[in-house]
Every structure is written in C-alpha cells, then in structure tokens.
Amino acid sequence: MVKAFRLLFFLAFFCAGIHFTFSLTDPRDGLSSISIKGNPSGDIGELTELISLDLSFNTFTGSLTPRLGDLNNLTTLILAGCGFTGSISDELGNLAELSFLALNNSNLTGKIPSSLGKLSNLYWLDLADNHLTGPIPVSTPTTPGLDLLKELSTCELFDGNLLDGTIPSTLGLVQTLEEFSNNKLKGPLPDLTGMNALNYENLSNKAFFPSEAPAWFSTLPSLTTLLVGNPVCSALSNVSYCEQFNFSSIPSEPVEVA
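Residues -23 to -1, 1 to 235 in mature numbering (1 follows the signal peptide of the UniProt record, and there is no 0) are what the sequence shown spells out, letter by letter.
Quick look at the structure:
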C-alpha cells in the first residue's frame, strides 16, 4: 500500500506538469480506476526499477509518452481504458522483460509498430477497441513483426480497429496462440497450420473470399469454438461449438457440432 501511495504521489506531480522523480520496485496494489486525471509527462521514464504498472480506466489526455520505453524492468503494462490518443510509440519495443501489454479501449490511432515484435517474452497482447489502421506487421530480414512473438497466448487486435490487408501466413508460427479474432481483414482464409494451442477462432468476416473448409481446420487439437463460414462447420467433428456464416449471403443460425 505504501508503494502504491508513493506512485500515486508521483503521478499527482507529473500529471500537474511538476517534475519530480523517484523509483520503486513493485506497486502490487495497482492504481486502476481511482479517477486519476491529467496529461502524463516523460518523467515516468525515471521509474527504472518499476516492474508492474497498471493505470487502467483512469482519465488521461494526450499521447503515450515514449519514455515508457525506458522502464527496462517492466513486465506488466496495463493502460486500458485511459483515453490516450495518438500512435503507439516504437519505444515500447524496448521493454525486453514485458510479458503483459494491454492498451485496449482507448483512442489510439495509426499503425501497430513492428517494434512490438521484439517483445519475445510477451504472452498477452490487447490492442482492441482503438482506431488502429494498416496491416498486421510481420517480420522481414531487417525488421521485427508480430509473427516473432512465439510465447503469445492471447492476441486481441481486431475488434474495434480498422486493420486491413490479409492475415499473414507466418502468424501460424506463433504456435502458442490460444485466441485469435478477426473482423476487418480481407482476402483468402489464412493458413493457421501448427497453431496447436488455439482454442477460439473467429473468421466470421464476410470480406474473406468464399472458401471450402481448409484441411488445417480439423487438425487443431485444442480448437473448441469456431466462428466461420458455411459449409465448414458440418465438416468439423473436433469442434464443440461452431457458428456458421455464408460469406456470400446472410449468416445462418449457430449449430452444435457433436
């Protein structure tokens, strides 16, 4: 509680534009939903020993400061529902220890930075319900991409955003991914062969090209829920719930698959 109070005291200063610096190790009590308001300055980058930072569902203004990328020991960063505007800074890709990143339910714009692909320990990524645009960043010989996040188990990118392009085929390399949702992308159905931990799949976007059931649908051992186009559902005996969509007409009723 004392550590959380110290962090709250610091936040009161930097939100008011007063420069004040100290560091602490682990504010386990959190500062979520306690009506903090203001415009965070770069001084938060001085908290270099910080391990966990949860300021979710407070009322901030302005953009995410790039100084967040200086918090080298940070493993958890939760800034959901804070109302931040502007783009996601490339500097977040410097947080080598980060395993949990939630920036959902704000007003962030622009593209997803490819630098997030450097977060090799990340298992949770939630960027949903912003106003993000552009394609999913994938790795090249010279730049990182989200397909390099091999420890990722939960990935929420699409709901509430305006991402375009196709789902990269290399996303199947993230074999630990457990949940994957889509609602804005277009083109052919992605090949998710090898995603053996995937248990929930939403491919109900009617912008996908009409397709028969790909072979990999029936090879994912953990898949229990599938939202996808007809006639795929009737061919799947390993999925307990499958909601059928016909990509060229009105969605049909959900069906149970034995």
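All C-beta atoms, glycine included, are put in the ideal place defined by N, C-alpha and C.
In the three-state DSSP reduction, SER146 falls in the helix class (H, G or I). In terms of Cα proximity to SER66, the closest of THR86, TRP193, LEU75 is THR86.
Note on PRO165: under 16 other CB atoms within 10 angstroms of its CB, so exposed under the neighbour-count rule. Beyond the five residues adjoining it in sequence on each side, PRO43 comes within less than 6 Å, by CB distance, of SER66, GLU68 in the same chain, given in chain order. When DSSP reads this structure, TRP101 sits in a beta bridge with PHE77, THR131.
For PHE194, the secondary structure class from DSSP, reduced to helix, strand or coil, is helix.
With contacts defined as CB atoms closer than 7 Å, LEU99 and SER76 qualify as a contacting pair. Here LYS127 has SER97, LEU150, VAL151, GLN152, THR153 as same chain residues with Cβ atoms under 8 Å from its own Cβ, once five neighbours each way along the sequence are excluded.
The C-beta distance from LYS95 to PRO121 rounds to 5 Å, short enough to meet the 8 Å contact threshold. By the Cβ-count criterion, ALA79 is buried, with 16 or more other Cβ atoms from all chains shown falling within 10 Å of its own Cβ.
THR86: member of the beta strand (DSSP E) spanning 84 to 87, first to last residue.
Under DSSP, the beta-bridge partners assigned to ILE55 are ASP31, ALA79. The three-state secondary structure of SER40, taken from DSSP, is strand.
Secondary structure of GLY164 (DSSP, three-state): strand.
Within 10 angstroms of the beta-carbon of ASN173 lie fewer than 16 other beta-carbons, which makes it exposed.
When DSSP reads this structure, LEU140 sits in a beta bridge with GLY111. Per DSSP, GLU178 is one residue of the beta strand (DSSP E) stretching across 177 to 179.
Here LEU200 carries a coil assignment [DSSP, helix/strand/coil]. Nearest to SER91 by C-alpha distance, out of THR117, LEU27, SER33, is THR117. If you draw a 10 Å sphere on the C-beta of ALA192, you find fewer than 16 other C-beta atoms in it, and that means exposed. Close CB contacts of PRO198 within its chain, under the 7 Å cut and outside five residues either way in sequence, are with ASN173 (chain order). Nearest C-alpha to LEU93 among ALA105, THR110, PRO114: PRO114. The three-state reading of DSSP puts GLY122 in coil, since its state is none of H, G, I, E or B. PHE194 sits buried, since 16 or more C-beta atoms from the chains shown fall within 10 Å of its C-beta. Apart from the 5 residues on each side of it in sequence, LEU129 sits with its Cβ closer than 7 Å to the Cβ of LEU99, TYR100, LEU102, VAL151, THR153, LEU154 in its chain, given in chain order. Taken through DSSP and simplified to helix, strand or coil, GLY60 comes out as coil. THR52 and SER29 have their alpha carbons spaced roughly 6 Å apart.
The alpha-carbon of THR170 is positioned some 41 Å away from that of GLY22.
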